[in-house]
Structures are given as structure tokens and as C-alpha cells.
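Q:
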Amino acid sequence: MYRMFFFLIFSTNLLANDVSEMINRVYHGHTTTIESKTILNTLEAGMPYDNSVDNARVMAFKCWFLETDTAHKRYTFKSFFTQATQVVNRSGSKVLQYSLDVCEGSQFYSQGLYTQTIAKLTPITELALTSDNRSADMYSVIG
């Protein structure tokens, strides 16, 4: 009973907070799996946002919750990824594009597609090695 009350309060407070702050809470490990999924569901319910970067943040965030362990789920992921790429490209955020690419690379890896994983992640790792692309945002996506 207390858990349900907590979720109700948590979801209500979520609406008052910034999209980026809520996603960062999950990325930094401050939530349980159930709380993370609640955040995702709440953020998705609020779409589309006035800010295109917030829409892109939610799509890049959602990518990490999708599974590809069956043929149907892989098809769903491919469809989602196409849509997410369009939303992220409209935002113009390179960091979110890299985050989406890392997520796709992770999905390839979980399917045993190691060559595709390397092909997807190599450009990102090469960017991290160049001195003119060093920034805290870049390392938060890669690290």
C-alpha cells in the first residue's frame, strides 16, 4: 500500500520537474527498475514536448528499455529506432544521437551481432580520442 502511495506522489512530482533531471536520476542510479519504468511512462505520456530536445531525450532514454530477444521485439525495436532517429535528428543534438547509437550498439551486442556492434561504436570511440571533441556531455554518453 505504501509503495502505491509512493508511486502516486513520485509521478505527480515528476510532472513538475525537468525532463533532463528525471532522466539523469535514472542514469546516475538513483532509482529502482520499477521507478525508472514509471519515469519513462510518465515522460512518454507528456510527449510531444514544446522543446524538441526534450522529445529527443525521451526517445534516447526509451531505447534502453526495449528488448530484442524475439523476432517480434527486434522488429519493434527497428521501427522504434527509425522513429527515434528522426526525432533526435530534428533536435540537432549530437550527444543524444551518440546516446542512441550506443543504445543500438548495445542491442546489436545482446543479439550476438559483434561486427555490427563494432561498426556502430567505432566512430563514437574515435570521436572520444580527438582533443577538440572533449566535453563533459560527450563523456557522459560514452562512459
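For the sequence shown, the residue numbers in numbering that gives the first Met the number 0 are 0 to 142.
Quick reminder that beta carbons are idealized off the backbone N, C-alpha and C, glycines included.
For aspartate 68, which of helix, strand or coil comes out of DSSP?
A: coil
Q: Report the rounded CA-to-CA distance for methionine 3 versus isoleucine 22, giving the unit in angstroms.
A: Low confidence applies here, because methionine 3 scores a pLDDT of 48, under 50, leaving its location unreliable and the question unanswered by this model.
Q: Measure from the alpha carbon of aspartate 17 to the alpha carbon of each residue in Val52, Leu65, Gly28 and Asp68, then state which is nearest.
A: Relative to aspartate 17, the option among Val52, Leu65, Gly28 and Asp68 whose CA is nearest is Val52.
Q: Can you give me the Cβ contacts of serine 115 inside the same chain, cut-off strictly under 7 Å, excluding the 5 residues immediately before and after it?
A: Strictly speaking, residue 115 in this sequence is glutamine, with serine absent from that position. The residues are Phe107.
Q: How would you call glutamate 125, buried or exposed, if buried means at least 16 neighbouring beta carbons within 10 angstroms?
A: exposed
Q: By alpha-carbon positions, which one of Ser105, Gln82 and Glu103 ends up nearest to alanine 55?
A: Gln82
Q: In its own chain, which residues sit with a C-beta less than 8 Å from the C-beta of isoleucine 38, not counting the 5 before and 5 after it?
A: Leu13, Met21, Ile22, Arg24, Val25 and Thr30.
Q: Roughly how many whole angstroms lie between the Cα atoms of glycine 142 and valine 101?
A: Residue confidence is low: glycine 142 scores 39 on pLDDT, short of 50, so the model does not pin down where it sits. Its coordinate-derived value is still stated next. Cα to Cα, glycine 142 sits roughly 10 Å from valine 101.
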